[in-house]
Structures are given as structure tokens and as C-alpha cells.
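Shown next, in C-alpha cells, is the structure this report addresses.
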Amino acid sequence: MSVQDSGQAMIGRRGFLSWGGQLAAAGAFGAFAPARLWAGAADLYPTIRTQFESYVSSGKLPGILATIGRAAGMPDLIAVGTQGLGEKTPVDIDTLWRVYSMTKPITGMAAMILVGEGKMKLDQPIADFLPEFANMTVLTNPEKNLDAVPAKTQITVRHLLTHTAGLGYSIVTKGPLLQAYLDNGITPGIISRFPIPGQPASKPTPDLKTFSERLAKQPLIAEPGTKWSYSISLDLLGRVIEVASGMDFEAFLKTRIFEPLKMNSSYFQVPASETKRFVSNYAPVNGMLFPIDPAATSIYLDKPAFAFGGAGLVTSARDYDRFLNMLANYGELDGVRIMSTATAKLAMSDLLQAAVSTTGTFADGAGFGAGGRVGKGANDGVYGWGGAAGTVAFVDPKRKVRAVLMAQYMPSNVYPFNENFAKWVLQDLGRPA
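The sequence shown begins at 26 in this note's numbering and counts up one residue at a time.
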């Protein structure tokens with residue numbers, strides 16, 4: 026049964042731990058199979074190698090890898106373990122991983138291509154492309170009811186890029202608005218074809234156009250441009266890109282980013298022929314791993330309702346490194362220019378309005394650019410984001426460093442990769458964290 030038929034499993038961070046405990050109590054976990062260790066450039070990165078080997082040898086993960094690029098050309102590879110528990114195939118640079126929210130920077134750059142071409146502007150109201158957003162309302166008490174007043178400000182392209190549009194997210198939002206999102210299929214992607222104990226199911230909208238129309242009927246949680254709130258805005262941006270470009274969103278990504286960059290292993294639906302290099306996704310609970318999306322029967326083998334620009338991509342470390350390498354070169358790779366230097370620099374700059382603070386959010390202490398976090402102070406110029414299944418990526422164009430970490434477990438905060446990966450990279454490169 027497809028996710029469209031059965032309803033989409035949505036998993037919150039607290040909820041995941043809750044249902045995982047239920048599964049553990051029910052004895053739903055198998056024993057760990059011995060992991061195979063393999064390393065390419067591991068000797069050059071002792072901190073990363075030690076960390077990776079520790080996670081695999083202790084059974085916390087079946088496999089994990091990183092790529093570190095310090096100049097043009099192929100990156101260094103550190104790979105440990107296999108594609109799944111009990112499997113013999115080692116993870117490598119062409120293994121396929123669910124990168125979830127690491128899709129957001131790609132969608133953000135797709136929008137910036139159109140900004141650079143003058144087909145839309147950063148501060149242009151999205152109602153110019155999607156008229157249904159012309160008269161939005163804002164909740165007066167988001168966690169208690171759906172009472173709302175007319176919005177004073179129009180949602181702009183900048184707001185969608187930076188999570189300041191006032192939109193919600195079914196993985197974050199609470200109260201009546203959460204239920205309204207679920208009832209209308211306003212969901213951020215797919216996780217599993219199996220029902221998740223204690224988690225609500227939501228049948229997704231049939232297409233991106235319907236997604237936009239239903240979302241526009243819901244109130245906002247804050248006045249546009251006033252609050253950083255992680256949201257479904259990059260998914261909606263996919264619809265804006267469609268209208269502004271006159272091209273299907275997924276087709277736009279393929280023709281303007283994936284194909285020019287030779288990102289030949291980036292999919293919203295994994296072809297059956299590529300299952301052999303696809304990892305399984307796990308939930309770590311009480312020292313054991315529960316397979317929530319086995320590769321052989323993955324929901325990603327089905328055609329999704331639409332290309333989720335905020336969390337729908339499956340890709341390889343090789344492909345994502347090529348995307349970062351293009352950014353490291355300010356819009357160009359191997360003689361192919363994706364966007365102008367000026368546009369690339371703008372996309373990786375802090376696009377937040379001055380009054381917006383990221384304190385206490387997923388972007389705490391940083392700015393925010395086109396779909397990704399932007400460093401400040403000693404980290405000035407560093408751009409990147411992570412994914413819900415433990416993936417992390419960043420690029421530092423000024424110092425010509427780019428890095429990708431691929432793992433596959435949920436929720437991502439079970440292990441501290443998001444917080445520590447950049448520190449490990451810098452330590453091994455002999456630079457202060």
C-alpha cells in the first residue's frame with residue numbers, strides 16, 4: 026500500500042522517543058549484526074575516523090560517512106560500516122541517503138536562480154505568483170484556538186527563504202493549527218509506509234498546486250517578517266518556483282541544478298534499479314535500532330504526491346558534494362555556471378530582516394540565507410543545514426572547505442552530529458573550532 030493510500034506517518038521529536046519506547050517494551054528490536062569497517066581517507070581525519078568507528082562498532086549505527094572537500098575536484102572520503110544491519114555492502118560515496126531538510130538549501134538556490142534572472146524579487150509578495158495568499162490572517166492565540174485577524178504584511182519570497190513567513194510545520198506546530206494542517210494534508214514529506222504508534226496519519230495533498238491552495242486558507246502563526254519559525258515555507262517555495270519559471274518544480278531542479286552539476290543520483294522517487302545502494306532508516310531506542318523504512322520496501326520507491334522542496338530528496342554524498350562545490354565557487358562548477366557570482370554570494374548571506382532574532386531556534390546564534398543557516402563572527406560566510414535523519418552539510422567559500430556527513434537515523438537529536446560535525450572537521454584540518 027502506498028503512502029497516498031494509507032496516510033502519511035508524521036513523527037515529532039518527542040513523539041518519536043515515545044513510540045520508540047513502546048516498541049522496545051514490545052521486543053520489536055533484533056540483535057545487531059557485526060559491522061564491516063572501511064575507510065578511504067580516514068587517516069587524514071583521525072577525529073572523524075575515531076567517532077565514526079565508535080558509533081559503528083558499538084552498534085549505534087550500521088554505517089556512516091563523510092566527505093571533506095578542500096579544493097576543486099573529488100573530496101576526501103571517510104566511510105565506516107554498511108548500508109544496513111546484517112548487510113555486507115559498505116557505505117560509499119554513491120550510497121543513497123534520505124537527506125530530508127538538506128533539500129531546503131537546494132530549493133533555496135533554485136529560487137535564487139530565478140531572483141538572479143529577474144523572474145522574481147526577494148521582497149516581492151508571493152501573491153503576485155499565488156493569488157490565494159493575498160489576504161492572509163494571523164492567529165491571536167496560536168496554541169489555543171484559530172481566532173485570527175488580518176495580516177498587516179504580505180508574505181514575500183525572502184520570508185519563504187528564511188522561515189519568517191509565519192507558516193507552521195506539522196513537525197513543530199502545536200494546538201488547533203496542527204490539526205488543521207493534518208486534516209488538509211499539509212505535511213512536510215514522507216517517512217515510512219508503516220503506521221507509527223501514537224503518531225497521527227495525514228493523507229497528503231494530491232499535488233503542489235492543491236498544497237498551496239489549502240495552505241493559503243490556514244491562518245499564520247505570526248505576522249510575516251517578524252519571527253523565525255521553522256516551517257513548510259520551502260515546500261511552498263517550490264510552487265512559487267513553478268509559477269515564476271513556467272516549469273514543473275521537479276523538472277526545474279533537474280534541468281537547472283541536477284543535470285548541469287551532474288548530480289545523477291538525486292531523486293524524489295528512488296528507481297527500483299537503485300535500491301541496491303539505498304540505506305535503511307532506523308530509530309535508535311534504548312541502545313537498539315528499529316528499522317522504520319527498510320531500503321528494500323522503502324516508501325521512497327513509490328512516487329510521492331509531489332516533489333517536497335523542504336524534505337523530499339534522496340541523494341548521494343557525491344551529488345551533495347557537487348552542489349556544495351558549486352557554492353564554494355560562487356555559482357560555478359567544472360566550467361558550468363548555475364548562477365552568477367553575485368547571486369551566489371547573496372544567497373549565502375544573512376537575508377533576515379534586522380528585527381528578526383534566531384535566539385532559541387534551530388538557527389540559534391546565526392543568520393539565515395536561502396534555505397540554510399549562515400554563520401556569524403568566526404563562522405562568517407559558512408552556509409549549510411542538516412536533515413531529520415542525521416545528515417549534515419556545510420560550505421565555507423572563503424576558506425574553500427565543504428563537508429557532508431551522511432547517517433540514517435531518526436530523530437536527528439539522538440546523536441550530536443548536527444552540533445559536533447563541523448567541530449570535528451575543523452579539528453582535523455588543524456583549525457580552531
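Every residue gets a Cβ at the ideal spot worked out from N, C-alpha and C, and that includes glycine.
* Asked: Between Gln-76 and Ala-428, what straight-line distance do the alpha-carbon atoms span, to the nearest angstrom?
  -> 16 angstroms
* Starting from the Cα of Ser-83, find the closest Cα among Pro-175, Thr-72 and Leu-314 and give me that residue. => Leu-314
* Under the three-state DSSP convention, the category Asn-306 falls into -> strand
* Which whole runs of the beta strand (DSSP E) in the stretch 402 to 437 are 3 residues long or more, in chain order? -> 408 to 411, 417 to 421 and 426 to 431
* In the structure shown, what three-state DSSP assignment does Val-339 receive? -> strand
* From which residue to which residue does the alpha helix (DSSP H) around Pro-220 run? -> That residue, Pro-220, is in no alpha helix (DSSP H); it is neither H nor E in DSSP.
* **Buried or exposed by the 16-neighbour rule on C-beta atoms within 10 Å, applied to Ala-96** => exposed
* Around the Cβ of Asn-350, are there at least 16 other Cβ atoms within 10 angstroms (buried) or fewer (exposed)? -> buried
* Asked: Mind checking Gly-111: buried by the 16 CB within 10 Å criterion, or exposed?
  -> exposed
* Take the Cβ of Gly-19 as the centre, count every other Cβ of all protein chains shown within 10 Å, and call the residue buried at 16 or more, exposed below. => It is not possible to answer for residue 19, since the shown part of the chain is limited to 26 through 458.
* Asked: What is the DSSP secondary structure of Asp-318, counted as helix, strand or coil?
  -> strand
* To do: Within its chain, find whatever has a CB closer than 6 angstroms to the CB of Gly-412; leave out the 5 residues flanking it on each side and keep chain order.
  => Val-124, Tyr-125, Ser-126 and Met-127
* Asked: By a C-beta neighbour count over all protein chains shown, 10 Å radius and 16 as the cutoff for buried, is Gly-455 buried or exposed?
  -> exposed
* Asked: If we ignore side chains and look at the alpha-carbon of each, how far apart do Gln-149 and Pro-156 end up?
  -> 13 angstroms
* Would you mind working out which of Ala-403, Arg-424 and Met-431 sits nearest Thr-416, comparing C-alpha positions? => Met-431
* Give the DSSP bridge partners of Phe-393, in chain order. => Arg-398
* Applying the criterion that 16 or more other CB atoms from any shown protein chain within 10 Å of the CB defines a buried residue, is Lys-85 buried or exposed? -> buried
* Which ranges would you report for the beta strand (DSSP E) in the stretch 138 to 171 if only whole runs of at least 3 residues count? -> 162 to 164
* Asked: Just how far apart, CA to CA, sit Val-439 and Asn-311?
  -> 11 angstroms
* To do: For the stretch 240 to 249 and the stretch 288 to 298, state whether three or more C-beta atom pairs, one from each stretch, are separated by less than 8 angstroms.
  => no
* Under a three-way DSSP split, which group does Ser-270 fall into? -> helix
* Does the beta-carbon of Ser-298 have 16 or more other beta-carbons within 10 angstroms, so that it is buried, or is it exposed? -> exposed
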